[in-house]
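These notes are about the structure you will find just below.
2 protein chains.
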Amino acid sequence: MPEFLRLLPPDEALARWLAALPEPGPFLTEASPTPEALDRVLGEDIVSPEALPPFARSTVDGYALRAADTFGATPGLPAYLDLAGEIHMGQAAGLRLDSGQAALIHTGGMLPEGADAVLMLEDSQPARSGQIEALKAVASGENVLHAGEDVEPGQRVLTAGRRLRPQELGGLMALGITHVQLRTRPRVALLSTGDELIAPDESLGAGQVRDVNSYSLAALIERLGGQISRQVLLGDDRSKLDDALRLAHSEDDVILVTAGSSVSERDLTAAAIDALGKPGVLVHGIQIKPGKPTILAVAGSVPVLGLPGNPVSAFIIAGYFLPPLFQRMLGIDRRGIEPAIPARLSVNIPSVAGRQDFIPVRLTRDEAGWLAEPVYGRSNLIFTLVRADGLIRIPASATGLEAGSPVMVNLL
Amino acid sequence: MPEFLRLLPPDEALARWLAALPEPGPFLTEASPTPEALDRVLGEDIVSPEALPPFARSTVDGYALRAADTFGATPGLPAYLDLAGEIHMGQAAGLRLDSGQAALIHTGGMLPEGADAVLMLEDSQPARSGQIEALKAVASGENVLHAGEDVEPGQRVLTAGRRLRPQELGGLMALGITHVQLRTRPRVALLSTGDELIAPDESLGAGQVRDVNSYSLAALIERLGGQISRQVLLGDDRSKLDDALRLAHSEDDVILVTAGSSVSERDLTAAAIDALGKPGVLVHGIQIKPGKPTILAVAGSVPVLGLPGNPVSAFIIAGYFLPPLFQRMLGIDRRGIEPAIPARLSVNIPSVAGRQDFIPVRLTRDEAGWLAEPVYGRSNLIFTLVRADGLIRIPASATGLEAGSPVMVNLL
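The listed protein sequences correspond, in order, to chains A and B.
Counted from 1, the first sequence has number 155 at position 164 by the numbering used here; the numbering is strictly sequential.
Counted from 1, the second sequence has number 266 at position 275 by the numbering used here; the numbering is strictly sequential.
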């Protein structure tokens, strides 16, 4: 499995990878209290057990009445209504309005039986004791929120696959749905090869560097809705790598391998991944910078991503390939909405046609809007990404971008 | 404290509120393992204890050598070098190169003493036993990452106030910084008034509705970096409200009160907030839709936000006023970068000049890009927000926007 038999464009590589995976589902689910489900993916359709609001409510402070009784009312020729009482908040209306009657009601109060509209307080005035004047005609239904106007009983309000935002949690609680089924988070194994790597809490010996990728990638995966099942440093020992891959393959849903930096380390990694199961390595080498030595594989039903060892490449490549993978594995129904910042490029950036380039940029603001300034630094330098606000893509069809060009910045 | 003595524009209201708060800091901090600090705010400056990389490293597979020895080398007139050995990954170079010598080195390997450059493998070829041919001249420093090129020892790599992203966690771990001080999350009290409110797990009686705001707001606050210290339903009892406000004032950092829906409930809330401490209520009524009855107050050093009772208004208003508050209270150094989606409006939207309107929209895509379609629904309907992808703002200076107008959609 030598490197770079044929370099694929990144979108084609992604499509080939996803196409080799089994159809997603059935999905495993787990129960959760609704308030703890922020950013998780709903695992069931939600059908409302009740109406929201549960009863007709006034949307203003005023008088509940029969609209027909105000027909033709004006300040010069008001309609007179008998005051039948007051509707207290949080209680049954407790009275029935007949023709010619009105009841004081507050915003959110329950419309009494017999009433079909609410006259706003400012369109009324007190008349002689026990009566009010309606200075304006109201239509049937005016200033009333009908029972079920937000949600009808039996209505499907959310479908499985929705990633839950604060407003979904509020909506569920509004319906009394205090527990929900969530899709379980895919288990991700992070295997790092390379004799030079040590854990961050160890003392550096000569020639050694600390593992970075396990931590930046773990945080990225957490954001995407996955959970890290294991983080292992493996050196460059093929049999250790084989063992770790087999264990991860039997227990986890996704395997990430960051290969050592050298060609021999990468070849060893590629061969071990390919041996894990069919169809094996599908893509080895992508027309992308940074990240050319990326490996995309599937072993049985488990996707395997082989990342370059250097932390910037690994992070950018994971940021490109993992979001669509997790969207598919979690069955997320989002429609590709990626927040981005429109900006102008501060300088000319050359690039090679036929290769998609990702450039870390820093955003600064002037009167005309955001300016995207490349953060120069070799792709080996993790603090390049710390200094960056986002990434811009230079498409494969371009041979660079000119200063002042409009670009979309995907926040990092 | 009657409502709406003078309606303020939202930006002016915000500025007045923030200006009445004491200068932020000194900030409380707490220790955390670095890998658990995602999205938290750093509470200390980070000075690197060491160089990154810790030694000069090769960026390619090839031969470490003295650049001067390759001077003038070409494929037709190669330079001959004696092979002095191989540099193994993760180990001290273990040899010293003299003039005329080269050592096999892998990407990421430690440059041996005496060497100042690396010749790429593809620019070399084997000569007679124990020698290689350099087919190309290399400059001093070529294909070498110098010790400290990413970070110098003693360099300040992060400053307090940085919100930690995956790449910051990776960078910290790369330097062996496995624990950090984080700013403590502001404690937020959520008080809800209104006799009509019950907790979501209770059975609905006539005239009652379930509390929504405590849950949608709690999730929003969690995202902003705060923590909920208490969630209390209070009815419309002034003395209960006073007691709850006093307790929250003595123990928490921020108080949110969602007022009942009626004018009398809102007046009671405003009076109780104003009595809590000086300077008291600063703003009562804002030129904004939805959310006109918003209250902004400060009691001593504690900011108090009085939100309208209806869930959509409460959520939109909290989304407008809380992010700058938390940014200030946590001393976050971000520079106002708000991700948004550029879109075109699908229909004409009328609005009233002098009032800033927030319109929930749903995004759909056509060939020309994103189309923002208003989600119509009364502001009382929480599922309006469930159906929405984001919000657009119609500025106070406009009297509506025409179909096709470019808009920025802030994702909800």
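Glycine included, every Cβ here is placed at the ideal spot set by N, Cα and C.
Per-residue DSSP class, three states only, for residue i
i, result
"B:G282", "coil"
"A:R119", "coil"
"B:S23", "strand"
"A:L224", "strand"
"A:M(-8)", "Here A:M(-8) scores only 45 on pLDDT, less than 50, and its place in the model should not be relied on; the value that follows carries that caveat. Coil."
"A:T260", "helix"
"B:N204", "helix"
"A:P15", "coil"
"A:G53", "strand"
"B:F437", "Only positions -8 to 403 of chain B appear in the structure, and residue 437 of chain B is not among them; the question remains open."
"B:G391", "coil"
"B:P294", "strand"
"B:H137", "coil"
"B:V352", "strand"
"B:V366", "coil"
"A:P397", "strand"
"A:A331", "strand"
"B:E41", "coil"
"B:M101", "strand"
"A:Q82", "coil"
"A:I96", "strand"
"A:S194", "coil"
Contacts of residue i in chain A (Cβ-Cβ under 9 Å)
i, result
"B:R369", "T50, L136, E140 and D141"
"B:V179", "Residues of chain A passing the Cβ test: none, with the nearest at roughly 14 Å."
"B:S396", "Going along chain A, no residue has its Cβ under 9 Å from B:S396, so there is no contact; the nearest lies around 16 Å."
"B:R31", "Ordered by position in chain A, no residue passes the 9 Å Cβ test against B:R31, which lies about 11 Å from the chain."
Cβ of residue i within 8 Å of any chain A Cβ
i, result
"B:M(-8)", "In this predicted model, B:M(-8) has a pLDDT of only 45, less than 50, meaning its place in the structure is not dependable enough to derive any value."
"B:M101", "yes"
"B:R156", "yes"
"B:G105", "no"
"B:E77", "no"
"B:D227", "yes"
"B:E133", "no"
"B:T46", "Correcting the residue type first, residue 46 of chain B is Phe in the shown sequence and not Thr. Closer than 8 Å: yes."
"B:Q429", "Given a span of -8 to 403 for chain B in the structure shown, any question on residue 429 of chain B remains unanswerable."
"B:S253", "yes"
"B:R201", "yes"
"B:P333", "yes"
"B:L336", "no"
"B:L354", "yes"
Contact list for residue i against chain B, beta-carbon separation under 9 Å
i, result
"A:F306", "P157, Q158 and G161"
"A:G300", "T98 and G99"
Under 7 Å from the C-beta of residue i: neighbouring residues of chain A
i, result
"B:F374", "D141, V142, V148 and G162"
"B:E187", "M80, G81 and G99"
Within chain B, the residues that residue i reaches when beta carbons sit closer than 8 Å
i, result
"A:F454", "The question about residue 454 of chain A has no answer here: the residues shown for chain A are numbered -8 through 403."
"A:T169", "P191 and D192"
"A:P26", "Y206, A209 and A210"
Contacts of residue i in chain B (Cβ-Cβ under 7 Å)
i, result
"A:M111", "None at all; the shortest Cβ gap to chain B is about 11 Å."
"A:E213", "L29"
"A:G216", "Per Cβ cutoff of 7 Å: no residues; A:G216 is ~13 Å from chain B at best."
Min CB distance residue i to chain B below 8 Å
i, result
"A:V38", "no"
"A:M80", "yes"
"A:Y311", "no"
"A:A209", "yes"
"A:A165", "yes"
"A:A197", "yes"
"A:L316", "no"
Where residue i falls, given that 16 or more other Cβ within 10 Å makes a residue buried
i, result
"B:F46", "buried"
"B:S131", "exposed"
"A:V245", "buried"
"B:A394", "exposed"
"B:H137", "exposed"
Neighbour list for residue i in chain A, Cβ cutoff strictly below 8 Å
i, result
"B:L402", "I328 and P330"
"B:L9", "None at all; the shortest Cβ gap to chain A is about 20 Å."
Practice task
With 8 Å as the limit, tell me which residues of the segment 82 to 97 of chain B have their beta carbon closer than that to any beta carbon of chain A; keep them in chain order.
Solution key: Within the segment 82 to 97 of chain B, the qualifying residues are Q82, A83, A84 and H97.
Practice task
With 7 Å as the limit, tell me which residues of the segment 378 to 394 of chain A have their beta carbon closer than that to any beta carbon of chain B; keep them in chain order.
Solution key: D380
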